Structure formats: C-alpha cells, structure tokens
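Q:
In the working numbering, the protein residues as written are 1 to 279.
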C-alpha cells in the first residue's frame, strides 16, 4: 500500500495533469501551514516583491545575452512569482490565480478592439499603439475618479528611477506640457548643467543632489523626445564601456603590466586603442 505522502503527491507523475496545474498544486503544498516548507510559509507580499523585480531583470538579461535556454529557465522563475503572490492572495481571500488570468484576458480583448470587434480603421503598429494608449488612458481616468488621483498619481511609485522619469515625462506630454523639439530639450540640459556648476561652488550637498537630479531628468527627456529608450541607451553605454575597459586590461597584460598600476596617460592610450577597434 502506498503511503499517504505518496498519494498526496501522486499528481506530480500524472500525465493527465497539465504542468501549470502541477505548479499551482506544488505552491499550495509548499504554503501548507502544517506540512509545507517553513521558508515558503513565512513569505508575504512584501517579502516576495523584491524577488519578482529581480527575476524580471534576469529575464531581461537573458534576452540581451540571446541565451534562450536561460530565458526559458528565467521565465519559469518569473512565472513562479506570479503563482506565489496569487497563492498568498488566495489564502487572504483576495483573489485566485484564475482571477489574474481572467483579468489579463479581459484587458487584452478590451485593448484590441480592432481584432475582437473588427475595427478596420487600425492598419499599422503605430495605430495600434495610439489606440492602446487612448484606451489605457480612459481606464486610468476611470480609476482616478474612483481614487481621486491626479495625472501623475497613477504612475507606480516603485518603478526604477529612469523608467519612472520616462513615465512622468510621457504623461505630462499628453497634457501638452512638453518642449517643442529635441533642441529645446538640449538647451534645458545646458541650463541644468550650469545650475549644477553653481551648486558645486556652494559645497551644499543637498543643492548639488537637487541640481544633479535635474541633469539626469533633462538627459532622459532629450532621449524620450528623440524616441530613444533611456534604459536601453544607458545599458548599451554600460556594456560598451565594460567591453573597452576589459580590452584595455588585456592590452596591459600583453605588455606584462597591471592596468591598475600604470599611469593615467598609459591607461588613456590603452582606452583609445580599444575605441579604434570599435568594441
């Protein structure tokens, strides 16, 4: 006779049970107050949230690396976060995983009327995006009426700072609060740089932080106005710098030198060589 434990987990080897249902049952067992995992039982919405953000970044990294085996694995980790949070919500009688799926299904149908309602006026990807934004904006307005929030109140507070700046700039632009062109944005950046220089003379750290933040905000706004994603641009710059720095270290090693110990002038020469080969 099989033990009760084996009977409890018999679904794991049941070919008729689809993999998503198995995952939901596994999470339910892990969170079982009596027979579950002590670590999983202890977790809360708040404790899981940082892992969710981390897993999203790891998905992004695997895409950038074009490592699709890793992408499959990381997508599983990200899905786990959705299932984990849904299980906690179920225990609190807030909602279930199926409610999450139902909600996104309704949203996709609602925001694609050109597909599900046969709206033939939509012909290009740009048309689709504009329609999506209008529908989303109306949905947010309806939410704002219920919550009595302002234009920027709907922006998620915990977004990474670069993305948050982009969102703020995009939202106020919809209300007509925007520069006319990229050149005007550049002039604003030059103005902010001058104010930062003046702040440096005061040795006031808070003033420098304030003006330094304005420089970053203005820089992001230039890229937004030019149709460039600031996060992608900065990540590209980070990767380019890393490649060139790594190659500069290799050049020093080829001369039996330690890059950290050579003069700044020599470092600069290595750096220029790395730039010439367009790393």
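The C-beta atom is built at its ideal place from N, Cα and C for all residues, glycine as well. These figures come from a predicted structure and were not determined experimentally.
1) Leaving out five residues on either side along the sequence, give the residues of the same chain with a beta carbon under 7 Å from the beta carbon of residue 74.
2) Would DSSP call residue 112 helix, strand or coil?
3) Measure the C-alpha to C-alpha separation of residue 267 and residue 241 and round it to an integer number of angstroms.
4) Run through the stretch 39-127 for me and flag every whole alpha helix (DSSP H) of 4 or more residues, listed as ranges in chain order.
5) Where do the ends of the alpha helix (DSSP H) carrying residue 252 lie?
6) Which two residues bound the contiguous alpha helix (DSSP H) that contains residue 196?
7) For residue 179, which residues of its own chain have a beta-carbon under 6 Å away from its beta-carbon, when the five flanking residues on both sides are left out?
8) Between the C-alpha atoms of residue 105 and residue 82, what's the straight-line distance to the nearest angstrom?
9) Helix, strand or coil: how does DSSP classify residue 3 here?
10) Contact between the stretch 76-91 and the stretch 23-41 is defined here as three or more beta-carbon pairs at a separation below 8 Å; is this criterion met?
11) Quick check: the stretch 188-206 against the stretch 241-254, are there 3 or more CB pairs under 8 Å?
12) Provide the residue span of the alpha helix (DSSP H) that contains residue 216, from first to last.
13) Here's the rule I'm using: 16 or more other beta-carbon atoms within 10 Å means buried, otherwise exposed. How should residue 1 be labelled?
14) Counting along the chain, where does the alpha helix (DSSP H) carrying residue 172 start and finish?
15) Residue 49: buried (16+ other C-beta within 10 angstroms of its C-beta) or exposed?
16) Check the C-beta distance from residue 218 over to residue 208 and give it rounded, since I have them as a contact under 8 Å.
17) Taking the straight line between their C-alpha atoms, what separation do you get for residue 312 and residue 65?
18) Here's a check: name, in chain order, each residue in its chain whose Cβ is nearer than 6 Å to the Cβ of residue 111, leaving out the five neighbours to either side.
19) Just the C-alpha distance for residue 18 and residue 94, rounded to the nearest angstrom, thanks.
20) Would residue 171 and residue 159 qualify as a contact pair, given that the criterion is a beta-carbon distance under 9 Å?
21) Provide the residue span of the alpha helix (DSSP H) that contains residue 274, from first to last.
22) Is there a C-beta anywhere in chain B that falls below 9 Å from the one on residue 257?
A: Quick look at the numbers:
1) 55, 58, 59 and 62
2) Correct three-state label for residue 112: coil.
3) When the Cα atoms are used, residue 267 and residue 241 turn out to be separated by approximately 14 Å.
4) 45-64, 68-91, 97-110 and 113-116
5) Segment 230-254, the alpha helix (DSSP H) holding residue 252.
6) Per DSSP, residue 196 belongs to the alpha helix (DSSP H) from 182-202.
7) Hits under 6 Å: 185.
8) 15 Å
9) With a pLDDT of 48 at residue 3, under the threshold of 50, the modelled position of that residue is not reliable, and the figure given next carries that caveat. Coil.
10) yes
11) no
12) Residues 205-225.
13) With a pLDDT of 40 at residue 1, under the threshold of 50, the modelled position of this residue cannot be trusted, and the question is left open.
14) For residue 172, the enclosing alpha helix (DSSP H) stretches over residues 161-174.
15) exposed
16) Residue 218 to residue 208, Cβ: 15 Å. No contact.
17) A query on residue 312 cannot be resolved here, the shown segment of the chain reaching from 1 to 279 and no further.
18) 132 and 135
19) C-alpha separation (whole angstroms): 25 Å.
20) Taking 9 Å as the cut-off, the beta carbon of residue 171 is found no closer than this to the beta carbon of residue 159.
21) 264-276
22) Absence of chain B from the displayed structure is noted, only one protein chain being present.
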